[in-house]
Amino acid sequence: HGLLWTWNSRPELVAVFASIPSISLLGFAHSLRGNFISAVATDIVSSPPEFENDYTEKLLALPRTFYPTDHAASWHTRHLLPANAIPAFSKTQVGLEADAFVFASFNQPNKITPRVFASWMRILRRVPGSQLWLLKLNEGRSAEANLQREAARHGIDPHTRLYFTGSADLRDHVGYKSAADLMLDTDVYNAHSTAADALFAGVPLLTMAGTRMVGRIASSILNGVGLREVTVARDLTEYEEIAVRIATSPARALALKTHLASVRRHCALYSTGRWVEGWERGLKMLWETRRMCGEERCLGPKARFHIIVADWL
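Per our numbering, the very first residue in the sequence shown carries number 141; after that it's consecutive.
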């Protein structure tokens with residue numbers, strides 16, 4: 141069984157068939173805290189072995205990143221694959237200042253904590269003329285007004301330094317992100333699919349590795365494009381320093397975008413076949429483990445080991 145933990149899902153069905161190995165994948169990015177789930181699909185960046193006590197399940201750690209994508213094949217993103225296809229939108233087409241360095245957060249506004257927003261305001265102060273591009277989605281107009289008011293409290297002009305847009309049409313919702321220069325991630329709950337979208341659009345992502353799976357997935361996604369050692373900060377101070385360093389060094393910013401454009405065809409994050417190969421090996425390892433020593437002994441809550449799928453490619 142594969143369990144996708146979403147609204148109106150019925151995990152109790154998995155409990156009824158508890159004798160069959162079950163895996164939690166994607167829908168709920170952490171432990172389900174249920175002894176009827178055999179394993180949670182993850183990787184060693186999202187769920188380091190030292191965090192094993194946070195999980196009731198076994199960790200099924202896939203190679204590089206557990207996050208599957210199909211950007212290279214999807215009808216609404218594959219046109220962005222040629223290097224000369226990005227940026228797909230100019231800053232002025234989106235409504236931004238043509239000569240501004242554009243920071244962006246494409247996350248839902250409800251992921252923005254006071255702590256990380258204050259950090260963004262400090263970054264804007266240190267990079268004169270820069271703008272912060274934000275989305276207004278489910279929260280509607282109230283999020284925009286609240287964030288503008290908070291920016292003013294930090295001494296940032298909300299009308300010239302903050303820029304709000306809604307979501308674009310499906311065909312353009314990835315491509316229009318390419319107008320940004322650097323995506324700033326949220327701290328407690330990272331960007332997930334949004335991170336994969338931005339990176340495919342050629343926009344570097346800056347994140348911090350948190351202490352829970354939801355706060356580490358962006359680090360995993362960056363691992364899948366070979367940037368984990370470059371744009372994953374250890375703390376908020378380093379996060380701000382990296383952001384300012386990229387924004388004030390055109391050569392560094394260009395190098396990051398050039399790297400993304402060059403790896404999208406073959407990197408782990410966007411190689412769907414490579415992900416499937418790792419997933420299938422993980423399923424075989426899980427099944428063989430159960431066959432050799434039994435469900436309770438090897439996959440039960442008292443079994444203190446995990447399954448790590450090696451990266452052969």
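Glycine is no exception: its CB is placed at the ideal position from the N, C-alpha and C atoms. Bear in mind the structure is a predicted one, so any value in this text is a computation, not a measurement.
Between the alpha carbons of R266 and E190 lies a gap of roughly 37 angstroms. In the pairwise beta carbon analysis, the stretch 284–298 is classified as not touching the stretch 311–328: fewer than three pairs are separated by under 8 angstroms. In the same chain as S245, and ignoring 5 residues on each side of it, the C-beta atoms closer than 6 angstroms to its own belong to L274 and L324, in chain order. Sorting G422, R352, Q233 and T205 by C-alpha distance to the C-alpha of A336 places T205 at the top. For the pair R150 and A181, the Cα-to-Cα distance works out to about 19 angstroms. In terms of CA proximity to D312, S214 leads the group A408, L367 and S214.
With contacts defined by Cβ atoms closer than 7 angstroms, P203 and V449 form a contacting pair. If you draw a straight line from the Cα of W419 to the Cα of A179, it comes to about 13 angstroms.
About 5 angstroms separates the Cβ atoms of L376 and S259, confirming a contact at the 8 angstroms cut-off. Within the stretch 301–377, the complete beta strand (DSSP E) segments at least 3 residues long are 302–305, 322–324 and 345–348, listed from N- to C-terminus. Under the 10 Å beta carbon count, F340 is surrounded by 16 or more other beta carbons and is classified as buried. By the beta-carbon neighbour count (other beta carbons within 10 angstroms, threshold 16), F241 is buried.
Cβ-Cβ distances below 7 angstroms link T334 to F246 and N247 in the same chain, with the five nearest sequence neighbours on each side left out; the list follows chain order. For F243, the enclosing beta strand (DSSP E) has its first and last residue at V242 to S245.
Going by DSSP, Q271 is part of the beta strand (DSSP E) stretching over Q271 to L275. Annotated three-state conformation of T182 is strand, per DSSP. Rounded to the nearest angstrom, the gap between the Cα atoms of I252 and F304 is 14 angstroms. Residue pairing of I448 in beta bridges, as defined by DSSP: A201. The alpha-carbon separation between D239 and L264 amounts to approximately 15 angstroms. Distance check between A155 and each of L166, H170, G174 and A387 places G174 closest, using alpha-carbon atoms only. Going by beta carbons, I184 and A201 fall inside the 7 angstroms limit.
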